[in-house]
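Asks: In the order they appear, the protein sequences are chains U and E. All you need for the working numbering is the position in the first sequence, starting with 1, plus 7. All you need for the working numbering is the position in the second sequence, starting with 1, plus 7.
Protein chains: 2
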Amino acid sequence: MKLKVYADRMSQPSRAVIIFCKVNGIDFEEIKVDISKGQQYSPEFRDINPMRNVPAIVDGKFKLFESHAILIYLACAFPGVADHWWAMAYFKIPLSVKYLLNTVLAPVFGLPLNPEAAAEGEELLSSSLYKIESIWLKGNGRFLLGGNQPSIADLSLACEIMQLEVLDEKDRARLLGPHKKVQQWVENTRNATRPHFDEVHNILFRAKERIQKQRSAEADSVSGRKTLLSKI
Amino acid sequence: MKLKVYADRMSQPSRAVIIFCKVNGIDFEEIKVDISKGQQYSPEFRDINPMRNVPAIVDGKFKLFESHAILIYLACAFPGVADHWWAMAYFKIPLSVKYLLNTVLAPVFGLPLNPEAAAEGEELLSSSLYKIESIWLKGNGRFLLGGNQPSIADLSLACEIMQLEVLDEKDRARLLGPHKKVQQWVENTRNATRPHFDEVHNILFRAKERIQKQRSAEADSVSGRKTLLSKI
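Now the structure itself:
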């Protein structure tokens, strides 16, 4: 029975699992669980993953959730996966969630923007980016821990950093700008996993376009109101 | 080459991995990394686990750290592991660390006790115990999700709850007392994995004895001072 991957490509851990399967030639069926429609709360999905989040997999009689756990399982269970993926199989560092939730994502979920939480999130994110650069990317290797081929941790973490793409260009430049090594490493990970990396991230680029259009429309409407006010 | 498990039995994720190996007949060599002596910071251990925490494993050319990741790897890589361990392979819920750190463990690390943080930790712990009981142990099953045999999550979580053994009896009764189902389920996990569960937890029981003796000595000394003061 073919591996089933329950995922929403809008979620970065979902993307990491899908890219991993594609890069390693793992035959799988992708089943979309649309988070924006709350499909993770359906009774069918509860039987797949009682934690009700994506990604989750079903491989024959095995069910598994949490992307790090899934990636380790896939690397272990599918003999075609190359050894270099194991060089760093588990790595977590607080990254973008808090910042993104309190900037771009709050309005999406109908939550108020919280500048204080956003500032805390930015501090955490910057400190993590600094750590990645100064500890995990020190030396001349192209990947984490000085490797020359990507590991599970490279893919996982690069997918998480890609989530920053939805930010306003100005904010993105402020956050990622000082970390040239991080930018280069995301690019290396992208190159090592292409064309799948770009294909799977397409949904994010489209979301970015939508958000940018919305921002321009809002800016126009504000400047329109200002012009109108100045004429009154 | 035999599997190497780098562990300190004083750490609950270390214990979960060791018990798992023993219960499943996995041939392994246990290498003690004494946290109380800071051995996780040695250059030798850095090469095993750059995150410098235990447990970590080396299996031939694979290095891996983080207990959940390790347990999934072991279940996958060793054919003798029974299927029931997969029923719930990944589960994390905030449990005892914050409470323990601000009650029993602070003096061990030379930190001041923080009653406010302890109260927050207790609230978190109680709410997690309530969730385990009302969601994950609902129904008549002996294990999480209604299973009749333990999964990786049962072992991991039961080992974490066992850490509460080092508490003062009064505190332990207050915290665990209202959760009879949780107590029964820890006992079920213990029975399903004996004699290894008890053998590996022995270090914790010995630590408990030491802490209790210390508490009695302190209480005696306080009451002695009070008697002396009342005589002055």
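No residue lacks a Cβ here, since even glycine has one placed at the ideal position from N, Cα and C.
#1: Output, in chain order, the set of chain E residues within a Cβ distance shorter than 7 angstroms of His75/U.
#2: So, using beta-carbon positions, are Val207/U and Ala165/U closer together than 7 angstroms?
#3: Pro101/U and Ser135/U - do their beta-carbons sit closer together than 7 angstroms?
#4: Buried or exposed for Gly128/E, going by 16 or more other Cβ atoms inside 10 Å?
#5: Which runs of the beta strand (DSSP E) at least 3 residues long sit entirely within the segment 19-61 of chain E? Give them in chain order.
#6: Compute the Euclidean distance between the alpha carbons of Asp205/E and Leu174/E, then round it to the nearest angstrom.
#7: Assuming the contact rule is C-beta atoms closer than 8 angstroms, Ser103/U and Leu71/U should be a hit. Round their C-beta distance to whole Å, please.
#8: Using the beta-carbon of each residue, which ones in chain E are nearer than 8 angstroms to Ile79/U?
#9: Tell me the rounded alpha-carbon separation between Lys68/E and Thr200/E.
#10: What does Phe204/U pair with, by DSSP beta-bridge criteria?
#11: Report buried or exposed for Pro122/E, applying the criterion of at least 16 other Cβ atoms within 10 angstroms of its Cβ.
#12: Whole angstroms are fine: how far does the CA of Gln219/E sit from the CA of Ala14/U?
#13: Evaluate contact between the segment 179-192 of chain U and the segment 144-152 of chain U, counting only Cβ atoms and requiring at least three cross-stretch pairs below 8 angstroms.
#14: For the segment 65-90 of chain U, which segments carrying the beta strand (DSSP E) assignment without a break, of at least 3 residues, lie completely within its bounds, in sequence order?
#15: Consult DSSP for Tyr97/U and reduce its assignment to one of helix, strand or coil.
#16: Drop a sphere of 10 angstroms on the beta-carbon of Tyr48/U, count the other beta-carbons inside from all chains shown, and report buried for 16 or more, exposed for fewer.
#17: Tell me the DSSP secondary structure of Lys9/U in three-state form.
#18: Leu152/E versus chain U: which residues are under 9 angstroms apart at the beta carbon?
#19: Determine whether the Cβ of Ala224/E lies closer than 7 angstroms to any Cβ atom of chain U.
#20: Pull up the distance between the alpha-carbon of Leu211/U and that of Gln19/U, whole angstroms please.
#21: Quick check: is the beta carbon of Ile14/E nearer than 7 angstroms to any beta carbon in chain U?
#22: Report, in whole angstroms, the separation of the C-beta atoms of Phe85/E and Asn155/E, which I expect to be a contact under 8 angstroms.
#23: Are Val12/E and Phe27/E close, meaning C-beta to C-beta below 7 angstroms?
#24: Give the interface partners of Asp241/U over in chain E, defined as CB-CB distance under 7 angstroms, in chain order.
#25: Going by DSSP, what residues sit across from Ala224/E in a beta bridge?
Replies: Straight from the coordinates:
#1: Under the 7 angstroms cutoff, chain E gives Ala76.
#2: No Cβ-Cβ contact shorter than 7 angstroms links Val207/U with Ala165/U.
#3: Result yes, Cβ atoms of Ser135/U and Pro101/U sit closer than 7 angstroms.
#4: buried
#5: 35-39
#6: 18 angstroms
#7: Actually they are not in contact, since the Cβ atoms of Ser103/U and Leu71/U sit about 24 angstroms apart, beyond 8 angstroms.
#8: Chain E residues near Ile79/U: Leu71, Ala76, Ile79, Tyr80 and Cys83.
#9: 29 angstroms
#10: DSSP, once it has assigned bridges, lists no residue as partnering Phe204/U.
#11: Of the residues assessed, Pro122/E falls on the exposed side of the cut-off, its CB having fewer than 16 other CB atoms within 10 angstroms.
#12: 50 angstroms
#13: yes
#14: 69-72
#15: coil
#16: exposed
#17: coil
#18: Pro57
#19: no
#20: 9 angstroms
#21: Contrary to the premise, residue 14/E reads as Ala rather than Ile in this sequence. Closer than 7 angstroms: no.
#22: Not really, about 22 angstroms apart at Cβ, beyond 8 angstroms.
#23: no
#24: This structure leaves residue 241/U out entirely; chain U is present only between 8 and 239.
#25: According to DSSP, which records beta bridges pairwise, Ala224/E is partnered with nothing at all.
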